[in-house]
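Everything in the sequence shown is counted per our numbering, starting at 8 for the first residue and increasing by one. The beta carbon of each residue, even a glycine, is placed where N, CA and C say it ideally should be. All values derive from a computational prediction rather than experimental measurement. For reference, the structure is listed below as C-alpha cells.
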Amino acid sequence: MEKNVWKRVILSQSKKIQDGIKLLNSTELQFIMVVDNKNKFLGTITDGDIRRGLIKGLNLNDNLTKIVNKKSIYVGPNRSYEDAVVLMKTQMVRHMPVIDNLKKIVGLHLLEEVTNTSLSNKFVIMAGGFGKRLRPLTNRTPKPMLKIGNKPILEHIILNAKKNGFQNFIICIHYLHNKITKYFKKGTKHEVKIDYLYEKKPKGTAAGLRDLTVRNKKPILVTNGDVISNVNYSKILEYHNHNKSDATVVTRNISQKNPYGVVKIKNGKVYGFEEKKNFVVNINTGIYVLSPKVLKFLDKNREDMPDFLEKLRKKKKRVIAYPIYENWIDIGTKPNLQNSKKKFS
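See the structure below:
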C-alpha cells in the first residue's frame, strides 16, 4: 500500500456525514481520521460508526462530529510497528493512528488481513421474476441476465459476494430459467458452487425459501436478483449474528423532495406554512439475512418478503435494520438500468 495514503483519509470536523461517506467509498482503507480547526487529532470514523449514527436517526447533512469516536486508540511516533500490531490485535482494530505530542497526525499503522475468510452460509439470489417493467428488453432475456458493462446483473452479485467470502450460492429461478442455468452452470467457471431452486409457478419474493428449511443450519443471506451494490455482504451477516437477530433487513436512506408547500393546521386554523422541503425515508434494499429457524413460518404457496417480515414482527421475532450508505441500485425500470450502467460498468 502507498506509503502516505493516510494523508488522504484526514477530514475536518466541519464536514458533514455525507462527506465522510464519500471519503470512505473512495479509499480501500475504510477508515477516516478527523481533525479539529487547528489540525489536531480529534478521533476516528469507521463504517460501523456511520451505521450506528444512521440507526440513531442522524441524517447525511448532520455534522461529522456526531459520529466521531473520540476514544479511539493511537500510538506515538516512537512506538514500533511491531508494538502497534500487538496493540491492534489486543484491541481488535485494523487501524492505528500515529500522533505526536502536539496532537498532530504523523502516520498510520495498518493490520493487514492475510486471508479472506471463506463462509459456508448459503447466499440465495431471487431470480425468477418476469421483469415486466423492462419489456421489451426482457422478452427474451430474464431481468437478472441483462448486462451492466460486460457482465449480467447476476454475475455482478455473485462476484461481489465471492469477494466477501461466500462460496455456496442458490439461485431461485422461473422465467426463462434456461438462460441462467446455461450461463452459470454449477459455478465452476467462477470458482463457486451454484445450486438452483426451480419454482414451477412464482411464489413471491419469499415463499420459495421455505424449501431451504431442511438443508440449512446457518443464517442465509438473501438478495433480489435485480439489486446491485458494492456493500460488503459478510459484514451484514456479521451484524446479524452479533445482534442475535431472527431477520435483518438492509435499508438505505434516500432523500425525496416534497413538490408542494405544506400548510400547518390545528383545530381548523392555519398556524404556519413551510416551503417545499426534502425529507428522508428508509427504504428496503431487497437484501436480507434470515436465521434458519424462521423459515418454517413462510407460507408454502405464496409470500412476499415485506409480508413475511411483518409476520415475524407480529410473532415478536427479532427483526432489525442494517443501514447502508454504499452504492446501491434496484434495476427495476429502464431509467434505473441506464443509471446502473454509469455506476457499475
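Tell me which residue opens and which closes the alpha helix (DSSP H) that residue i is part of.
{"i": "R58", "result": "D54 to I62"}
{"i": "T97", "result": "Y88 to Q98"}
{"i": "H197", "result": "Note, H197: premise wrong, no alpha helix (DSSP H); not H, not E."}
{"i": "F361", "result": "Shown here, the chain extends from 8 to 352; a query on residue 361 therefore has no answer."}
{"i": "L244", "result": "Y240 to H249"}
Tell me the DSSP bridge mates of residue i?
{"i": "E282", "result": "Bridge partners of E282: none, in fact."}
{"i": "R259", "result": "I290 and I331"}
{"i": "G114", "result": "V105"}
{"i": "K264", "result": "N285"}
{"i": "K154", "result": "P159"}
{"i": "G27", "result": "DSSP lists no partner for G27."}
{"i": "T51", "result": "M40 and N76"}
{"i": "Y203", "result": "I178"}
{"i": "L297", "result": "I227 and A254"}
Rounded to whole angstroms, what's the CA-CA distance from residue i to residue j? Just pull it up for me.
{"i": "D90", "j": "P84", "result": "11 Å"}
{"i": "I177", "j": "V326", "result": "23 Å"}
{"i": "Q98", "j": "A254", "result": "29 Å"}
{"i": "I28", "j": "Y332", "result": "7 Å"}
{"i": "F48", "j": "K96", "result": "22 Å"}
{"i": "K264", "j": "F280", "result": "16 Å"}
{"i": "S19", "j": "G156", "result": "36 Å"}
{"i": "N239", "j": "P226", "result": "16 Å"}
{"i": "Y205", "j": "F130", "result": "16 Å"}
{"i": "T188", "j": "S79", "result": "49 Å"}
{"i": "T34", "j": "Y246", "result": "22 Å"}
{"i": "V16", "j": "K242", "result": "21 Å"}
{"i": "T51", "j": "N167", "result": "27 Å"}
{"i": "L216", "j": "L94", "result": "44 Å"}
{"i": "N171", "j": "K276", "result": "57 Å"}
{"i": "D54", "j": "N32", "result": "10 Å"}
{"i": "C179", "j": "L109", "result": "58 Å"}
{"i": "G138", "j": "H163", "result": "18 Å"}
{"i": "D202", "j": "M133", "result": "12 Å"}
{"i": "K14", "j": "N44", "result": "16 Å"}
{"i": "K321", "j": "K224", "result": "24 Å"}
{"i": "K158", "j": "N46", "result": "45 Å"}
Quick one: give me the first and last residue of the beta strand (DSSP E) that residue i is part of.
{"i": "F38", "result": "F38 to V42"}
{"i": "A134", "result": "Per DSSP, A134 belongs to no beta strand (DSSP E) and is neither H nor E."}
{"i": "K273", "result": "V269 to K273"}
{"i": "Q174", "result": "F173 to I180"}
{"i": "I235", "result": "V234 to S236"}
{"i": "I17", "result": "I17 to S19"}
{"i": "K228", "result": "The question names Lys, but residue 228 is Leu in the sequence shown. Run containing L228: I227 to N231, per the beta strand (DSSP E) assignment."}
With C-beta atoms as the reference, is residue i less than 8 Å away from residue j?
{"i": "N70", "j": "D56", "result": "no"}
{"i": "W335", "j": "S236", "result": "yes"}
{"i": "N260", "j": "N289", "result": "yes"}
{"i": "P104", "j": "M40", "result": "yes"}
{"i": "H181", "j": "G114", "result": "no"}
{"i": "V92", "j": "L61", "result": "no"}
{"i": "V301", "j": "K324", "result": "yes"}
{"i": "A328", "j": "V256", "result": "yes"}
{"i": "V42", "j": "I112", "result": "yes"}
{"i": "K23", "j": "L67", "result": "yes"}
{"i": "F191", "j": "N128", "result": "no"}
{"i": "I338", "j": "I160", "result": "yes"}
{"i": "K193", "j": "K186", "result": "no"}
{"i": "R58", "j": "P330", "result": "yes"}
Use the C-beta contact count for residue i: other C-beta atoms within 10 angstroms, 16 or more gives buried, fewer gives exposed.
{"i": "H249", "result": "exposed"}
{"i": "K169", "result": "buried"}
{"i": "I272", "result": "exposed"}
{"i": "Y267", "result": "exposed"}
{"i": "T122", "result": "Residue confidence is low: T122 scores 41 on pLDDT, short of 50, so the model does not pin down where it sits. Its coordinate-derived value is still stated next. The residue is exposed, with fewer than 16 neighbouring Cβ atoms inside 10 Å."}
{"i": "P149", "result": "buried"}
{"i": "D233", "result": "buried"}
{"i": "S313", "result": "This sequence places Pro at residue 313; Ser is not what is there. Classification of P313: exposed, given that the 10 Å Cβ count is below 16."}
{"i": "N175", "result": "buried"}
{"i": "F286", "result": "exposed"}
{"i": "S125", "result": "exposed"}
{"i": "V12", "result": "exposed"}
{"i": "S252", "result": "buried"}
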